[in-house]
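Protein chains: 2
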Amino acid sequence: MNPLTSPLLTDLYQLTMLQAYFAHRMQDTAVFEFFVRKLPPTRNFMFAAGLEQVLDFLEQLRFDDDDLAWIAQHGQFRKNFVEQLRGLRFTGDVYAMREGTLFFPNEPILRVVAPMPQAQLVESRLINLVHFETTIASKAARSVLAAPDKLLVDFGLRRAHGAEAGLLAARASYIAGFSGTATVLAGSMFHIPLFGTMAHSFVEAHDDEASAFVDFATVFPDSTIFLIDTYDTEAAARKVVALAPQLQQAGIAIRGVRLDSGDLAAHARNVRSIFDQAGLTNATIFASGNLDEYRLRDLLAAGAPIDGFGIGTSLVTSSDAPFLDAVYKLQEYAGRPRRKRSPGKATWPGRKQVYRHYSDQGLLDHDVVTLEDDVQAGTPLLQPVMLGGKRLQAPPSLDALRAHAKRELATLPRDLRALDGDVEPYRVEIAPALRELAARLDKQRREPGTAE
Amino acid sequence: MNPLTSPLLTDLYQLTMLQAYFAHRMQDTAVFEFFVRKLPPTRNFMFAAGLEQVLDFLEQLRFDDDDLAWIAQHGQFRKNFVEQLRGLRFTGDVYAMREGTLFFPNEPILRVVAPMPQAQLVESRLINLVHFETTIASKAARSVLAAPDKLLVDFGLRRAHGAEAGLLAARASYIAGFSGTATVLAGSMFHIPLFGTMAHSFVEAHDDEASAFVDFATVFPDSTIFLIDTYDTEAAARKVVALAPQLQQAGIAIRGVRLDSGDLAAHARNVRSIFDQAGLTNATIFASGNLDEYRLRDLLAAGAPIDGFGIGTSLVTSSDAPFLDAVYKLQEYAGRPRRKRSPGKATWPGRKQVYRHYSDQGLLDHDVVTLEDDVQAGTPLLQPVMLGGKRLQAPPSLDALRAHAKRELATLPRDLRALDGDVEPYRVEIAPALRELAARLDKQRREPGTAE
Numbered sequence: 373m374n375p376l377t378s379p380l381l382t383d384l385y386q387l388t389m390l391q392a393y394f395a396h397r398m399q400d401t402a403v404f405e406f407f408v409r410k411l412p413p414t415r416n417f418m419f420a421a422g423l424e425q426v427l428d429f430l431e432q433l434r435f436d437d438d439d440l441a442w443i444a445q446h447g448q449f450r451k452n453f454v455e456q457l458r459g460l461r462f463t464g465d466v467y468a469m470r471e472g473t474l475f476f477p478n479e480p481i482l483r484v485v486a487p488m489p490q491a492q493l494v495e496s497r498l499i500n501l502v503h504f505e506t507t508i509a510s511k512a513a514r515s516v517l518a519a520p521d522k523l524l525v526d527f528g529l530r531r532a533h534g535a536e537a538g539l540l541a542a543r544a545s546y547i548a549g550f551s552g553t554a555t556v557l558a559g560s561m562f563h564i565p566l567f568g569t570m571a572h573s574f575v576e577a578h579d580d581e582a583s584a585f586v587d588f589a590t591v592f593p594d595s596t597i598f599l600i601d602t603y604d605t606e607a608a609a610r611k612v613v614a615l616a617p618q619l620q621q622a623g624i625a626i627r628g629v630r631l632d633s634g635d636l637a638a639h640a641r642n643v644r645s646i647f648d649q650a651g652l653t654n655a656t657i658f659a660s661g662n663l664d665e666y667r668l669r670d671l672l673a674a675g676a677p678i679d680g681f682g683i684g685t686s687l688v689t690s691s692d693a694p695f696l697d698a699v700y701k702l703q704e705y706a707g708r709p710r711r712k713r714s715p716g717k718a719t720w721p722g723r724k725q726v727y728r729h730y731s732d733q734g735l736l737d738h739d740v741v742t743l744e745d746d747v748q749a750g751t752p753l754l755q756p757v758m759l760g761g762k763r764l765q766a767p768p769s770l771d772a773l774r775a776h777a778k779r780e781l782a783t784l785p786r787d788l789r790a791l792d793g794d795v796e797p798y799r800v801e802i803a804p805a806l807r808e809l810a811a812r813l814d815k816q817r818r819e820p821g822t823a824e
Numbered sequence: 373m374n375p376l377t378s379p380l381l382t383d384l385y386q387l388t389m390l391q392a393y394f395a396h397r398m399q400d401t402a403v404f405e406f407f408v409r410k411l412p413p414t415r416n417f418m419f420a421a422g423l424e425q426v427l428d429f430l431e432q433l434r435f436d437d438d439d440l441a442w443i444a445q446h447g448q449f450r451k452n453f454v455e456q457l458r459g460l461r462f463t464g465d466v467y468a469m470r471e472g473t474l475f476f477p478n479e480p481i482l483r484v485v486a487p488m489p490q491a492q493l494v495e496s497r498l499i500n501l502v503h504f505e506t507t508i509a510s511k512a513a514r515s516v517l518a519a520p521d522k523l524l525v526d527f528g529l530r531r532a533h534g535a536e537a538g539l540l541a542a543r544a545s546y547i548a549g550f551s552g553t554a555t556v557l558a559g560s561m562f563h564i565p566l567f568g569t570m571a572h573s574f575v576e577a578h579d580d581e582a583s584a585f586v587d588f589a590t591v592f593p594d595s596t597i598f599l600i601d602t603y604d605t606e607a608a609a610r611k612v613v614a615l616a617p618q619l620q621q622a623g624i625a626i627r628g629v630r631l632d633s634g635d636l637a638a639h640a641r642n643v644r645s646i647f648d649q650a651g652l653t654n655a656t657i658f659a660s661g662n663l664d665e666y667r668l669r670d671l672l673a674a675g676a677p678i679d680g681f682g683i684g685t686s687l688v689t690s691s692d693a694p695f696l697d698a699v700y701k702l703q704e705y706a707g708r709p710r711r712k713r714s715p716g717k718a719t720w721p722g723r724k725q726v727y728r729h730y731s732d733q734g735l736l737d738h739d740v741v742t743l744e745d746d747v748q749a750g751t752p753l754l755q756p757v758m759l760g761g762k763r764l765q766a767p768p769s770l771d772a773l774r775a776h777a778k779r780e781l782a783t784l785p786r787d788l789r790a791l792d793g794d795v796e797p798y799r800v801e802i803a804p805a806l807r808e809l810a811a812r813l814d815k816q817r818r819e820p821g822t823a824e
């Protein structure tokens with residue numbers, strides 16, 4: 373069994389809701405939208421991601437015999453409900469922003485239009501996928517902004533929250549502009565370029581460091597990057613210099629070194645100088661070890677001669693903002709707009725569209741959120757991607773999404789590029805048509821007998 | 373394909389290291405240990421978790437034809453290496469602390485003893501599993517300490533970092549003392565009790581709230597818990613009271629209500645009072661919505677009459693400390709202890725054991741970390757769990773692990789139970805035998821010609 377595609381990857385209350393919907397024949401069309409209510413303090417924008425995983429999930433949705441047997445024996449569910457689940461498929465429509473599109477609070481990035489039981493059942497997994505990839509793409513973009521011309525590699529699998537987090541973090545960060553990942557399975561599943569050097573344990577397993585370097589280089593003559601911080605970084609750099617003639621004679625080119633601890637700026641300068649004096653001017657310096665976008669910015673501001681960075685834990689856990697206030701809310705049922713009014717959690721009702729407006733320089737100026745049928749000027753960001761349960765197009769390549777994300781980042785005004793918060797938030801207008809609908813619904817609800 | 377069991381769930385450098393180890397016939401026995409270097413500021417202790425997932429992974433480890441074909445075409449690997457991988461199985465030994473055991477920085481909780489290529493290859497996934505479950509069990513224990521007599525339910529799937537995070541968070545929090553989870557697949561995979569109520573969308577899809585309550589209750593007459601915050605919490609509580617006679621006549625017992633927004637303490641008091649005046653004294657009040665251990669503590673300190681809590685995002689992302697400084701380090705190779713000396717990342721060499729000492733009251737007093745062959749008084753915490761690639765025992769039930777964790781929590785001294793940091797850290801002594809070995813290794817390394 374592959375748990376990642378199981379229809380039981382949902383909350384119990386989705387199944388109880390489904391039994392109630394079936395029992396009461398509430399199978400009219402429901403419209404749910406996914407959006408983020410507000411930004412974490414250190415974020416000025418978000419990058420939409422995770423759509424293709426959602427479409428895969430919707431296309432594959434079905435209960436097999438084992439799933440149904442488990443539900444039947446659970447005790448809370450009726451026999452005829454279990455049989456209704458057997459035939460359940462996702463037959464609805466999905467509208468979404470393209471992955472790698474910048475977005476802001478209160479803007480729907482994905483809309484599901486489907487018979488109520490289908491639209492309800494998929495809530496948990498849909499949020500699970502889009503929330504996580506969006507969180508990571510948004511985090512990764514910050515390193516791309518901090519070090520736009522450097523090689524950036526995801527090193528995070530080991531401290532990602534489980535296997536799927538490692539795989540999807542590799543995907544999301546690649547879309548956002550990372551150069552690749554160290555996670556082999558992400559390379560094989562998503563065709564993301566793979567990067568890797570050598571391990572401390574390899575050095576330690578040798579009785580001396582120079583032998584470890586030689587043993588590594590002879591096996592990988594074309595991709596020799598030495599890890600040089602196991603004992604003493606500068607001493608190891610000198611060992612590399614001493615080995616260089618012997619390696620070059622054997623046809624081995626020293627591509628570079630990796631630093632993983634200590635004062636990276638100081639070590640990088642020392643190593644650069646040791647290498648340059650020895651004529652190893654082409655050998656690159658790659659740094660890793662508790663890095664994040666702030667350290668990248670500081671290292672580059674300090675002029676550290678570092679060519680690339682491996683970023684792990686802070687990226688894949690989005691450690692400064694490990695979640696977004698992301699939700700998937702009912703906006704319409706049976707042709708009527710719906711609105712939740714819980715304090716601090718009220719929603720804008722109806723099917724919505726987001727229109728983007730640019731400055732003369734092609735930078736983001738402001739967005740307008742309005743009802744789908746309130747057609748406006750500006751670039752509409754939500755497009756149909758699935759109709760009747762079928763994708764409208766084959767999944768785009770990650771490289772196409774990455775190119776789109778790169779164009780999107782180029783539209784970010786200077787203020788929003790800051791790593792620290794405290795900037796004027798991007799302007800997202802709620803159009804009059806949407807405000808009027810919300811007010812009308814509230815009024816109906818305050819006058820019992822009209823709607824309630 | 374089930375990605376969660378793939379041997380490609382590793383970092384590229386593990387495969388490059390393996391090719392080098394095979395090429396140089398470095399297949400002697402390696403000893404790696406997993407430990408946490410230091411605690412996050414808000415943690416005073418950790419709960420070991422994830423061992424059974426690691427043992428599953430080690431037992432199942434093998435490269436199938438598709439994996440090998442992918443490696444062969446990648447370009448960095450030799451044909452004979454790919455054939456060597458075909459035969460690779462995990463044939464080593466594992467020593468570990470039982471899941472649900474309290475532990476502290478610098479204490480190994482898991483040791484792998486295996487031929488070097490095997491022990492190296494599994495590093496990424498082993499850390500990925502143990503790090504995450506330990507992070508979550510340690511976080512969950514704090515809610516258990518804050519609300520020891522309340523029903524605590526994991527509500528986190530939707531904002532967990534991918535599917536596996538949702539599943540393993542349910543498992544880890546159950547071990548730590550939670551009552552159950554809302555995640556259906558975690559219930560079916562791990563036999564964790566499932567909890568669920570109703571959704572806002574169900575209420576909103578009805579034209580009035582009372583009809584939604586009736587529709588829900590008639591389908592679930594034995595497990596009727598109403599969600600009452602969609603529009604106005606107290607008004608909804610009064611609707612429940614008004615419906616009670618009609619429901620009771622139909623044989624439906626109102627088990628309780630859930631509050632999900634607003635001032636939970638005030639709403640709980642109001643609802644309790646409305647229910648008690650109406651004779652619904654048995655109806656329980658369950659709360660959810662952006663909860664964590666601090667809010668639990670404050671709600672209970674304020675005397676809020678809440679019987680249970682659903683805890684989601686903060687739990688499954690361990691939002692205040694989304695990662696631990698957890699590593700898996702080479703401690704011995706080919707019979708010789710090894711030590712990494714990178715600044716801030718130096719390790720204690722050799723195969724180690726942790727001895728625990730208790731006060732006369734049965735509370736934790738201090739631990740001693742020493743070499744395995746330096747047998748001491750106290751309770752040794754690491755035990756063999758796998759020998760020659762085979763588990764020594766069938767996996768324990770989660771209920772057995774949960775009972776163990778509960779006994780462990782009872783040994784926590786008062787100071788370490790505090791939710792805030794700033795307490796005197798628990799005493800972990802490094803035994804003289806271990807210090808002497810580390811000093812001897814450093815000395816050898818400083819005198820070139822002796823070891824290097």
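Quick note, the sequences are listed as chains D and Y, same order. Residues 373 to 824 (this note's numbering) make up the first sequence, in order. Residues 373 to 824 (this note's numbering) make up the second sequence, in order. C-beta atoms are modelled at their ideal positions from N, C-alpha and C, and glycine is treated no differently. Note that the structure is predicted; figures quoted are calculated from it, not measured.
Determine the direct distance from the alpha carbon of E431 (chain Y) to that of L376 (chain D), and round the result to whole angstroms.
-> Between L376 (chain D) and E431 (chain Y), the C-alpha separation is close to 21 angstroms.
Taking Cβ positions only, does V556 (chain D) come closer than 8 angstroms to chain Y? Answer yes: the Cβ-Cβ gap between V556 (chain D) and chain Y drops below 8 angstroms somewhere.
Point to revise | Residue span of the alpha helix (DSSP H) that contains H776 (chain Y), given as start and end | key: Its alpha helix (DSSP H) spans residues 770–781.
| said: According to DSSP, is E495 (chain Y) part of a helix, a strand, or is it coil? | reply: If DSSP states are grouped into helix, strand and coil, E495 (chain Y) belongs with the helices.
Can you give, in chain order, each stretch of the beta strand (DSSP E) that sits fully within the segment 414–491 of chain D and has at least 3 residues? Runs of the beta strand (DSSP E) lying entirely within the segment 414–491 of chain D, each at least 3 residues long, are 465–468, 482–487 in chain order.
Label Q492 (chain Y) either buried or exposed according to how many other C-beta atoms from any shown protein chain fall within 10 Å of its C-beta, with 16 as the threshold for buried. Buried, by the Cβ-count rule.
Quiz item: Quick one: Cα of H503 (chain D) to Cα of K410 (chain D), how far?
Solution: C-alpha of H503 (chain D) to C-alpha of K410 (chain D): approximately 13 angstroms in a straight line.
> What does a CB cutoff of less than 8 angstroms around E801 (chain Y) pick up in its chain, not counting 5 residues either side in sequence?
Replying inline: The residues H738, D739, V740, V741, in chain order, have a CB closer than 8 angstroms to that of E801 (chain Y) in the same chain once the five nearest residues on each side in sequence are set aside.
What in chain Y is Cβ-close to D465 (chain D), meaning under 7 angstroms? For D465 (chain D), none of the residues of chain Y pass the 7 angstroms Cβ criterion, the least Cβ distance being about 18 angstroms.
Beta-carbon proximity of L529 (chain Y) to N500 (chain D), cut-off 8 angstroms: If you check the CB distance, L529 (chain Y) and N500 (chain D) come in under 8 angstroms.
Give a yes or no on whether the minimum CB-CB distance between L529 (chain Y) and chain D is below 8 angstroms. Residue-level contact check: L529 (chain Y) touches chain D, since one or more beta carbons of chain D fall below 8 angstroms from its beta carbon.
| request: Quick one: give me the first and last residue of the alpha helix (DSSP H) that Q765 (chain D) is part of. | output: Note, Q765 (chain D): premise wrong, no alpha helix (DSSP H); not H, not E.
With the cut-off set at 8 angstroms, would you say A537 (chain Y) and Y385 (chain D) are in Cβ contact? Not a contact, by the Cβ cut-off of 8 angstroms.
Exercise for the section: Evaluate the contact criterion for the segment 443–459 of chain Y versus the segment 689–698 of chain Y: three or more CB pairs, one atom per stretch, below 8 angstroms. Expected result: No, the segment 443–459 of chain Y is not in contact with the segment 689–698 of chain Y.
If contacts are defined as beta-carbon pairs under 8 angstroms, then S545 (chain Y) and L753 (chain Y) qualify, I think. What distance do you get, rounded to the angstrom?
The Cβ separation is near 22 angstroms, so there is no contact.
Subject >> Beta-carbon spacing of P721 (chain Y), R728 (chain Y) below 8 angstroms >> reply: P721 (chain Y) places its beta carbon 8 angstroms or farther from that of R728 (chain Y).
Query - Sheet register partners of I626 (chain Y) (DSSP bridge) - result: I626 (chain Y) is bridged to Y:T596.
Boundaries (first-last residue) of the alpha helix (DSSP H) holding T555 (chain Y)
Careful: T555 (chain Y) lies outside any alpha helix (DSSP H) and carries neither H nor E.
Beta-carbon separation (whole angstroms), G761 (chain Y) vs F462 (chain Y), contact threshold 8 angstroms = Confirmed, about 5 angstroms.
Quiz item: Residues of chain D with a CB under 9 angstroms from the CB of P375 (chain Y): which are they?
Solution: Within chain D, the residues near P375 (chain Y) are N374, L376, A535, E536, L539, L557, M561.
Work out the CA separation of D814 (chain D) and P820 (chain D) for me, nearest whole Å.
-> Caution applies to P820 (chain D), whose pLDDT of 48 falls short of 50 and renders its modelled position unreliable; the value that the coordinates give is listed next. CA-to-CA, the gap between P820 (chain D) and D814 (chain D) works out to about 11 angstroms.
Unbroken beta strand (DSSP E) run spanning V525 (chain Y), endpoints: Counting along the chain, the beta strand (DSSP E) containing V525 (chain Y) begins and ends at 523–526.
Using beta-carbon positions only, say whether A655 (chain D) and V629 (chain D) come within less than 8 angstroms of one another. In contact: A655 (chain D) and V629 (chain D) (Cβ atoms closer than 8 angstroms).
Note to self: For R723 (chain D), tell me which candidate among D:A782, D:L672, D:A805 has the shortest Cα-Cα distance.
What the structure shows: It is D:A805 whose Cα lies nearest to the Cα of R723 (chain D).
Exercise. In the DSSP assignment, what residue or residues form a beta bridge with R708 (chain Y)?
Worked result: Beta-bridge pairing links R708 (chain Y) to Y:Y705.
Q.
According to DSSP, is P804 (chain Y) part of a helix, a strand, or is it coil?
A. Correct three-state label for P804 (chain Y): helix.
Indicate whether at least one CB of chain Y lies closer than 8 angstroms to the CB of V612 (chain D).
Output row for V612 (chain D): interface = no.
- Query: Using Cβ-Cβ distances below 7 angstroms, what residues of the segment 713–741 of chain D are close to chain Y?
  - Reply: Identification of residues in the segment 713–741 of chain D having a C-beta nearer than 7 angstroms to some C-beta of chain Y yields R713, S714, P715, G716, K717, given in sequence order.
| message | Classify M758 (chain Y): buried if its beta carbon has 16 or more other beta carbons within 10 angstroms, exposed otherwise. | response | Classification for M758 (chain Y): buried.
I657 (chain Y) lies in the beta strand (DSSP E); which residues open and close that run?
-> Its beta strand (DSSP E) spans residues 656–659.
| said: Are there any heavy atoms of the ligand FMN lying less than 7 angstroms away from the beta-carbon of A584 (chain D), as far as the coordinates show? | reply: Ligands in the displayed structure: none, and consequently the ligand FMN is not present.
_Residues of the segment 381–394 of chain D in Cβ contact with chain Y at a cutoff of 8 angstroms, in chain order, please._
Residues of the segment 381–394 of chain D with a Cβ closer than 8 angstroms to any Cβ of chain Y, in chain order: L381, T382, D383, L384, Y385, Q386, L387, T388, M389, Q391, A392, Y393.
Are the C-beta atoms of Y546 (chain Y) and some chain D residue less than 8 angstroms apart?
No, Y546 (chain Y) lies away from the interface with chain D (no Cβ there is under 8 angstroms from its Cβ).
* Identify the contact partners of D664 (chain D) in chain Y, using a Cβ-Cβ distance below 8 angstroms as the criterion. => What D664 (chain D) touches in chain Y: nothing, since even the nearest Cβ is about 12 angstroms away.
- Item | Which listed residue (D:P487, D:P412, D:E495) has its alpha carbon closest to that of L380 (chain D) | Closest in alpha carbon position to L380 (chain D), among D:P487, D:P412, D:E495, is D:E495.
Determine the DSSP secondary structure at H639 (chain D), reduced to helix, strand or coil. Helix, per DSSP.
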